[in-house]
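The sequence shown begins at 0 in numbering that gives the first Met the number 0 and counts up by one.
Every residue gets a Cβ at the ideal spot worked out from N, C-alpha and C, and that includes glycine.
The model shown is predicted, which means the values in this text are computed figures rather than measured ones.
A quick write-up on the structure given underneath.
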Amino acid sequence: MARRLRWSEEASDDLEEIAAYIARDSRMYAASFVRRIREVARSLMKMWERGRVVPEYQDPAVREIIVGNYRLVYRIAPEEIGIVAVIHGARQMPMR
């Protein structure tokens, strides 16, 4: 059974900021990146346990999928998948 997908305000802001940064060089690549992140996020509605547990948290409900150079971090709840953050792999994970 599929779960609902919910983006936190912080994760939406992360994605918007990353897209704006990429768009300075290529609007086409920025749009492609956003599409890819959204596709991966939507796929979690049915396959929510496919990501690895985030090493910094060691909580089985908090997982991530690597998309290019970015970490798509999400939390598994009984009825929804909450997208928590989109962060560059070289940056330190915020304690949200």
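State the beta-bridge partners of residue i as determined by DSSP.
i   : result
V33 : Per DSSP, none; premise fails for V33.
V66 : Y69
Could you check what DSSP says for residue i in three-state terms: helix, strand or coil?
i   : result
R90 : coil
E55 : coil
E79 : strand
With distances taken from CA atoms, which of the options is nearest residue i?
i   : options            : result
V66 : R3, H87, E16, A19  : H87
I17 : V53, P59, V52, N68 : N68
V83 : A10, A1, M0, R2    : A10
W6  : M0, A40, R23, V33  : A40
Work out the CA separation of residue j and residue i for me, nearest whole Å.
i   : j   : result
Q91 : S31 : 25 angstroms
E15 : I75 : 23 angstroms
E48 : A89 : 24 angstroms
R70 : G50 : 10 angstroms
I64 : V72 : 7 angstroms
G81 : V33 : 17 angstroms
With a cut-off of 8 angstroms on the beta carbons, I'd call residue i and residue j a contact; round off their distance for me.
i   : j   : result
I21 : V85 : Between V85 and I21 the Cβ distance is about 12 angstroms, and since that is not below 8 angstroms, they are no contact.
R2  : E55 : Rounded, the Cβ-Cβ distance is 24 angstroms, inconsistent with contact.
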